[in-house]
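First residue of the sequence shown? That's -6 in this note's numbering, and the numbers climb one at a time after it.
What follows is a set of notes on a single structure, which appears directly below.
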Amino acid sequence: MTRTGAPRPHPAAPSPPGVSSLSSIGPFRRLRIALSLSSAGQWIGVPALTAMAAMLTRGDGAAAQAQAIGGVLALMLLPAVVLPPVAGLLAARVDRRLMLIIADALRLVVVVTVPLVHALPWTFAAAFLVSCLSLVWIPAARASLPALVPDEELRPAARRAATRVLYGPAPAAALLFAVLALVANGTLGAGSRADLAVYVTAGLFLVSAALVAMAGEIPATEPVAAVSPLKMIFQGPGSAAARGLGLAIAAASVTAGAVVAVARAHAGALGGGDAGYGSVLTALTVGLGFGLFLGPRVLVPFSRRRLLGLAVIAAALALVVLALVQNLVVVVFATAFLGVFAGAAWSTAKAAVHDPEAPEDARPAAYLRSVALITVLLAFAAVPLIAAAVGSHRLDLGGGVYDAHGTGVALLVAAVLALLAGLFAYRRLDDRRGIPLVPDLRAALHGEIYTPPEQAAAAPQPVHRNRGVFIAFEGGEGAGKTTQARLAAIWLRDHGYDVVTTHEPGATKIGMRLRAMLLDRDTTGLSDRAETLLYAADRADHVANVIKPAVDRGVIVVSDRYVDSSLAYQGFGRQLPVEDIARVNAWATGGLVPDLTVLLEIPPQAGLRRLSAPADRMESESQEFHERVREGFHALAEAAPDRYLILDASRPQGELSREIQYRIREILPDPVPLGTEDATSTFPVITDF
Ligand SMILES: Nc1ncnc2c1ncn2[C@@H]1O[C@H](COP(=O)(O)OP(=O)(O)OP(=O)(O)O)[C@@H](O)[C@H]1O
Ligand SMILES: Cc1cn([C@H]2C[C@H](O)[C@@H](COP(=O)(O)O)O2)c(=O)[nH]c1=O
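And the structure:
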């Protein structure tokens, strides 16, 4: 077993920029407190109203109770799935401050009537109405905090603060509910135990409305964003990466959704009542928060895609424990673990679809959110139904009896589904196929990257000290070759290497003239063979004057395109015999082959969409031509897998560059090769051609 790669320290978690300066803005600080209270009311409203439904059906049997609770939960989530555009429109038109006050006041009125009316249908209606009002409140609240910050530079921090205000109070609200349930148990009768939490919910809305009313005007500078989950799902993810990650997110959401769906009934079956319910919800929300934080920070050298798959599988296994073990303490701990894994899965998937080059493209993340929301809604509707259908049974196990509760069976069904989806997602997402998981994980725990012995033996041996390394980046139009070549060069320089970055065609004086001829759209009638020879001529000059001298000096040469481009474009694209092109190029380059070729694969249309300049002669070739080029690159790489690193170029830049670094590291000589300084008499440099 061989391990390669130096231990990598975990990146320090930077404190969010601008936080202290935000707190010094009075109106911002006051509104943040008001919104936090309102948000806490919204979160505590969930267990309060479900507990109310449980109390109102306590004499109707476990099945009816599970369905009533599931009904409240589903009705609370339904508006978030179907009504966001209406809510967004309303929030954009009405004065923000007024909107916040009205939403709080109406939620207060609806909530306070629930214990007074004391009837299941009104509890259902109240759950739906409160959620509709929350849906109007959320975009208004999200837009209000940043609007109070005059300094443009602080706005991103203010937006992050607004997100924290929306989700941060959830664990505190769950804990408060558990405490209130304990208090109510000791003081109130069985028919009114759930009232206390409902009145506290109303109280929080009241205080929030009063504080917002006392706050100053809220400018309408910040736009209101409202995405329809149904539309998002219908439109698709926006990137292939997001589609792949959607399944993993659906599986993680099933686990969390299933727990919430039957937590009240399950805690009741285990003798925990509302306090047990509150404890389960606290464990879940704290676990989720912890997992969200941990996802991007844990096992940094480990493949993120593997991590995502494993996190989903671990969440499903935690759900199995939760379903089978009939002990409330174990259930609470298993729920906390489930939350950690589901949270880590979410933040890993979200980071994986984030594109630093297009941070404004919110579509992939919105797609993942929509998948999560709809899956949780389905879990809220289906899991209580399964629980009700199964009912409770006493099983004689020979040595003892096992009380199989419907809720436990329903959780088990959800766990099996999530497990299957998780395994499938893991296989689909795995970007280190063929590398055994356990040593890979063990190496990552030591901060290292694992390389199997056979790969280590087959990998190119460390290059002779007085010879450099030659790395080529290949791929179709807009695949990100220039970007990744640049990032690799910066990384190499940071590690003390002399680097020459170069490109084809056009890295030399003659090459520039050839490039102009080759890519100018006014060049018409150029025969395919002449085109092939012009590219080969450019390359011959490039190798003789740039690449070979640098490699001989012991420098690392990073080239944006090389021979494979001719094989793919002129061979596969123009459909000339590939062996002929290979022979011409072997002669032109004196047989110089890259030590590593990084192939960035992207569907042609997606790559071309990334380019902003008007299409040149080659870019304006047909879709079929570019498809053939793509297939050509792939076939070349498949034929010599040891020399290639094949990557899905639709993935985020940061992820790609990290994988490229892992691979380059395997072929690097010691930092600052001997002779480099003798030859250049300078400090390591990057030279661009
Ligand atoms: N992984 C990525 N995800 C999204 N956009 C990217 C990614 N990598 C690069 N881009 C963007 O795509 C555009 C093209 O990138 P780049 O110039 O690196 O591609 P290229 O393969 O060198 O293109 P060309 O075919 O013109 O040589 C740039 O705007 C770049 O910022
Ligand atoms: C080296 C080489 C390039 N091409 C094509 C591929 C591209 O369409 C252009 C180069 O443009 P870029 O923006 O610099 O990537 O030329 C080719 O057809 N054959 C080759 O050998």
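Where a beta carbon is used, it is the ideal one built from N, C-alpha and C, also for glycine.
> For ligand 2, any of its heavy atoms closer than 7 Å to the Cβ of GLU497?
Replying inline: yes
> Between GLY547 and ARG460, what straight-line distance do the alpha-carbon atoms span, to the nearest angstrom?
Replying inline: 4 Å
> Since GLY468 sits in a beta bridge, which residues does DSSP pair it with?
Replying inline: LEU593
> Where are the alpha helix (DSSP H) runs, 4 residues long or more, that stay fully inside the segment 124 to 184, in chain order?
Replying inline: 148 to 160, 163 to 180
> Can you name the residues that DSSP bridges to ALA397?
Replying inline: HIS386
> Nearest to GLN598 by alpha carbon, out of GLY81, HIS619, SER605, ALA234?
Replying inline: HIS619
>> Restricting to Cα atoms, I'd like to know which of ALA195, ARG621, THR156 is closest to LEU109.
In response: ALA195
>> Quick check: what's the CA-CA separation for ASN72 versus ARG257?
In response: Per the sequence shown, residue 72 should be read as Pro rather than Asn. Rounded to the nearest angstrom, the two C-alpha atoms are 22 Å apart.
> Can you tell me the Cα-Cα spacing of PRO662 and LEU480, whole angstroms?
Replying inline: 19 Å
> Just checking my contact of SER124 with PRO222 at CB under 8 Å: how many whole Å lie between their CB atoms?
Replying inline: That belief does not hold up - the Cβ atoms of SER124 and PRO222 are roughly 14 Å apart, past 8 Å.
>> Measuring alpha carbon to alpha carbon, tell me which residue in GLY38, SER185, VAL323 is nearest LEU68.
In response: GLY38
> What span of residues does the beta strand (DSSP E) with HIS619 cover, start to end?
Replying inline: Per DSSP, HIS619 belongs to no beta strand (DSSP E); it is in the alpha helix (DSSP H), 616 to 632.
>> Using 8 Å as the threshold, is the C-beta distance between VAL708 and LEU30 below it?
In response: Absent from the structure is residue 708, since the part of the chain shown begins at -6 and ends at 682.
> Does the Cβ of LEU638 lie closer than 7 Å to at least one heavy atom of ligand 1?
Replying inline: no
>> Taking the beta carbon of THR214 as the centre, do at least 16 other beta carbons fall within 10 Å, making it buried, or is it exposed?
In response: exposed
> Anyone know if the C-beta pair for SER552 and TYR528 falls short of 8 Å?
Replying inline: no
> Expressed to the nearest angstrom, what Euclidean distance is found between the alpha-carbon atoms of ALA155 and GLN568?
Replying inline: 56 Å
> To which residues does DSSP link ASP553 through a beta bridge?
Replying inline: PHE466, HIS496
> Is the segment 86 to 103 touching the segment 230 to 242, taking contact as three or more C-beta pairs under 8 Å?
Replying inline: no
> GLU470: beta carbon under 7 Å from a heavy atom of ligand 3?
Replying inline: Absence of ligand 3 from the depicted structure is noted, with ligand 1 and ligand 2 being the only ligands included.
> Does ligand 1 have even one heavy atom less than 7 Å from the beta-carbon of GLN646?
Replying inline: yes
> Going along the chain, which residues of its own chain have a beta-carbon closer than 7 Å to the beta-carbon of HIS457, five neighbours each way excluded?
Replying inline: Because HIS457 carries a pLDDT of 41, less than 50, the predicted location of this residue cannot be relied on, and the following value inherits that uncertainty. Result list for HIS457: empty, nothing under 7 Å.
> Around the C-beta of TYR395, are 16 or more other C-beta atoms found within 10 angstroms, so that it is buried, or is it exposed?
Replying inline: exposed
>> Tell me the residue span of the alpha helix (DSSP H) that contains ASP88.
In response: Per DSSP, ASP88 belongs to no alpha helix (DSSP H) and is neither H nor E.
> If you draw a straight line from the C-alpha of PHE286 to the C-alpha of SER340, how long is it?
Replying inline: 8 Å
>> Could you compute how far the alpha carbon of VAL556 sits from the alpha carbon of PRO162?
In response: 58 Å
>> Quick test of the definition: if touching needs 3 or more C-beta pairs under 8 Å, does the segment 18 to 33 touch the segment 138 to 146?
In response: yes
>> Tell me the DSSP secondary structure of ASP641 in three-state form.
In response: strand
>> On a Cα-Cα basis, can you pick out the residue from ALA276, PRO212, HIS439, ALA120 that is closest to ALA171?
In response: ALA276
> Cβ of ARG546 within 7 Å of any heavy atom in ligand 2?
Replying inline: no
> How long is the line joining the alpha carbons of GLY728 and GLY237, rounded to whole angstroms?
Replying inline: With the chain represented from -6 up to 682, any question about residue 728 goes unanswered, as that position is not in the structure.
>> Taking contact to mean 3 or more Cβ pairs, one atom from each stretch, closer than 8 Å, check whether the segment 263 to 279 and the segment 410 to 417 are in contact.
In response: no
>> List, from N- to C-terminal side, the alpha helix (DSSP H) runs of 4 residues or more that fit wholly inside the segment 516 to 566.
In response: 521 to 535, 541 to 545
>> Threshold first: 4 residues or longer. Then list the alpha helix (DSSP H) segments lying entirely within the segment 183 to 246, N to C.
In response: 188 to 207, 222 to 228
> Helix, strand or coil for GLY427 per DSSP?
Replying inline: coil
> Alpha carbon to alpha carbon, what distance is there between ASN578 and PHE417?
Replying inline: 43 Å
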